[in-house]
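K.L.:
Shown below is the structure under consideration.
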Amino acid sequence: MRRSRLVLFLGTLLLAVTTALTGAAAAHASSQAAPGPYVALGDSYSSGVGAGSYISSSGDCKRSTKAHPYLWAAANSPSSFSFTACSGARTGDVLSGQLGPLSASTALVSISIGGNDAGFADVMTTCVLQSDSSCLSRIATARAFVDSTLPGRLDGVYTAIRDRAPNARVVVLGYPRFYRLGATCIGLSETKRKAINDASDHLNTAIAQRSRAYGFTFGDVRTTFTGHEICSGDSWLHSVDWLNIGNSYHPKAPGQSGGYLPVLNSAA
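Under the working numbering, the residue at position 106 of the sequence shown is numbered 377, and the numbers go up by one with no gaps.
The structure is reproduced here in structure tokens:
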């Protein structure tokens, strides 16, 4: 009788251990499984302008194999990867031409958008070519737009993403500060540099507020770019590139891999 009870006990114990180990193995395998479909939307900061190695079929959108979405997909092997981000994109361009791959099965969406709506290129052109006062005036106009008009445009994009990809984790990536202040640096005055940095902070605040209102994750890249701004001596951003003007004020390849990718990794 005692022997039977001992055998029964040992058998039950063995079954419990086997079940636990099998469950742990299954959980580990599940955690290692490739993620579901990933869709990368947005503007030139997502497409990878300035990083080089452009995908020929992307044409003027200049999607780069060194851009953070491409790097993330290469490292994580999602079940599918749709890269629709495009140089120069505004919120309206995302709505009209980038949302096609989204569906209820989409697992991850990343996007950077809003800078072109706020007149980023014109702000930088004004600040490079004109006086301090002209630069500050143009920035004031951009900041007013960010306060009055951009939130509604972001809402339109975020609503469309949520409607089309209701089950996706959505990571909204911001923009870096452009300049290290207090450093000796040829180019723009300290007044212009500070105003541009402050304007970037203002834009990031607006984007973060609207994205979080939708339950999205805001990916703040300002920390990862700290120490790698223009005038830092180890810049991950192009300043004015007179030989290829489109590169100007965009992340270099190290800015994509060292500035943007870690933020996407932590948020995805």
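We treat Cβ as the ideally placed atom computed from N, Cα and C, and that holds for glycine.
1. Write down every uninterrupted run of the alpha helix (DSSP H) in the stretch 438-494 whose length is 4 residues or greater and which is fully enclosed by it, in chain order.
2. Rounding to the nearest angstrom, what Cα-Cα distance links Leu312 and Ile382 in this structure?
3. What's the call for Asp364, buried or exposed, on a 16-neighbour Cβ count within 10 Å?
4. Which term fits Ile516, buried or exposed, when burial requires 16 or more other beta carbons within 10 angstroms of its beta carbon?
5. Quick one, are the C-beta atoms of Ser506 and His499 less than 8 Å apart?
6. Residues in its own chain within less than 8 Å of Gly386 by CB, not counting five upstream and five downstream?
7. Buried or exposed: where does Thr476 fall if 16 or more other Cβ atoms within 10 Å of its Cβ makes it buried?
8. Give the straight-line distance between the Cα atoms of Ala439 and Ser537, rounded to the nearest whole angstrom.
9. Compute the Euclidean distance between the alpha carbons of Thr373 and Val443, then round it to the nearest angstrom.
10. Rounded to the nearest angstrom, what separates Ala466 and Leu452 at their Cα positions?
11. Quick check: the Cα distance between Ala431 and Leu407, rounded to an integer number of angstroms?
12. Once the 5 residues before and after Ser503 are set aside, which same chain residues still bring their CB inside 6 Å of it?
13. Can you tell me the Cα-Cα spacing of His521 and Thr497, whole angstroms?
14. Since Ile382 is in the beta strand (DSSP E), which residue starts that stretch and which ends it?
15. Going along the chain, which residues of its own chain have a beta-carbon closer than 7 Å to the beta-carbon of Tyr485, five neighbours each way excluded?
P.N.:
In this structure, then:
1. Fully enclosed alpha helix (DSSP H) runs of 4 or longer: 461-484.
2. Each residue's Cα considered, the two are about 5 Å apart.
3. Buried, because 16 or more other Cβ atoms sit within 10 Å of the Cβ of Asp364.
4. Answer is exposed; the Cβ neighbour count stays below 16.
5. Yes, they are a contact pair.
6. Correct list, in chain order: Asp314, Tyr316, Tyr446 and Leu474.
7. Answer is exposed; the Cβ neighbour count stays below 16.
8. Those two C-alpha atoms are separated by around 16 Å.
9. In the sequence on display, residue 373 carries Leu and not Thr. Whole-angstrom Cα-Cα distance: 15 Å.
10. Approximately 11 Å between the Cα atoms of the pair.
11. A straight line joining the alpha-carbon of Ala431 with that of Leu407 spans about 34 Å.
12. Arg451.
13. The straight-line gap separating the alpha-carbon atoms of His521 and Thr497 is approximately 15 Å.
14. Unbroken beta strand (DSSP E) run through Ile382: Leu379 to Ser383.
15. The beta carbon of Tyr485 lies closer than 7 Å to those of Tyr429 and Arg433 in the same chain, with the five residues before and after it left out.
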